[in-house]
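With the first letter of the sequence shown counted as 1, position 30 gets the number 23 in our numbering; the numbers rise by one all the way through.
Ideal Cβ placement from N, Cα and C applies to all residues, glycine included.
Remember, it's a predicted structure, so these values are computed and weren't measured experimentally.
This report refers to the structure that appears directly beneath it.
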Amino acid sequence: MAVYSVHMHGQFQAGLLDGPDAGIQIGWRAIKLIGGSIIVTIIVSILVSLENAIITRETEFDTADERDKLIDLIGMKVGFITFSIFFVGGMIWLALGAPMQFILLGFIYAMFIASFIEGATRLVLYRQGF
């Protein structure tokens, strides 16, 4: 997200997000961000699973119990609520005259923040022994 932010800031400073093609530019950058995120997530998941298997000598990977599933559900709920708040706020801001480019970029950052809060919620619940 940091690389994306630096890149988009450069695009904004160059004035490339002011013209009629701004939505197209933001859309293609978002698609590349999502694709890159998926690839990085898969690679990191594989590496972490391999490292865990080597350290613990376990061969069974899907050992989620009811508590794990409940924590995942609560985390997803908190993430969804967070994104919903940002979405409604963005729509209100758009209705008040905000530029579409800022709203599109705001939604991308809202997804990132919601995902971060979702993960943090799961971590806190695990640490509390929920």
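Note to self: On a Cα-Cα basis, can you pick out the residue from G20, I27, G68 and I32 that is closest to F123?
What the structure shows: G68
Check: Taking R60 as the reference, which of V(-1), L116 and I19 has the closest Cα?
Finding: L116
Margin query: Distance check for I48 and G83, CA to CA, integer angstroms please.
Written below: 45 angstroms
Next item on the list: Kindly indicate which residue of G8, S108 and L87 has the alpha-carbon position closest to the one of I27.
Entry: S108
Next item on the list: Go ahead and pull the three-state DSSP assignment for F123.
Entry: coil
Check: Excluding sequence positions up to five away, which residues of its chain have a Cβ less than 6 angstroms from the Cβ of I101?
Finding: A23
Check: Out of N45, I64, S42 and Q18, which has the shortest C-alpha to C-alpha gap to Y119?
Finding: I64
Item checked: is_contact[A103, chain C] using C-beta, thresh 9 angstroms -> You won't find chain C in this structure, because it holds only one protein chain.
Next item on the list: Decide if the region 33 to 53 is in contact with the region 75 to 93; the criterion is three or more beta carbon pairs, one per stretch, under 8 angstroms apart.
Entry: no
Note to self: If you follow the alpha helix (DSSP H) that M1 is in, where does it begin and where does it stop?
What the structure shows: A(-5) to Q6
Checklist line | Distance between K70 and I17 (C-alpha atoms, nearest Å) | finding: 31 angstroms
Item checked: Cβ pair E44, G72 closer than 9 angstroms -> no
Note to self: Tell me the rounded alpha-carbon separation between W193 and Y(-3).
What the structure shows: The chain is shown from -6 up to 123; residue 193 falls before or after that span and cannot be answered.
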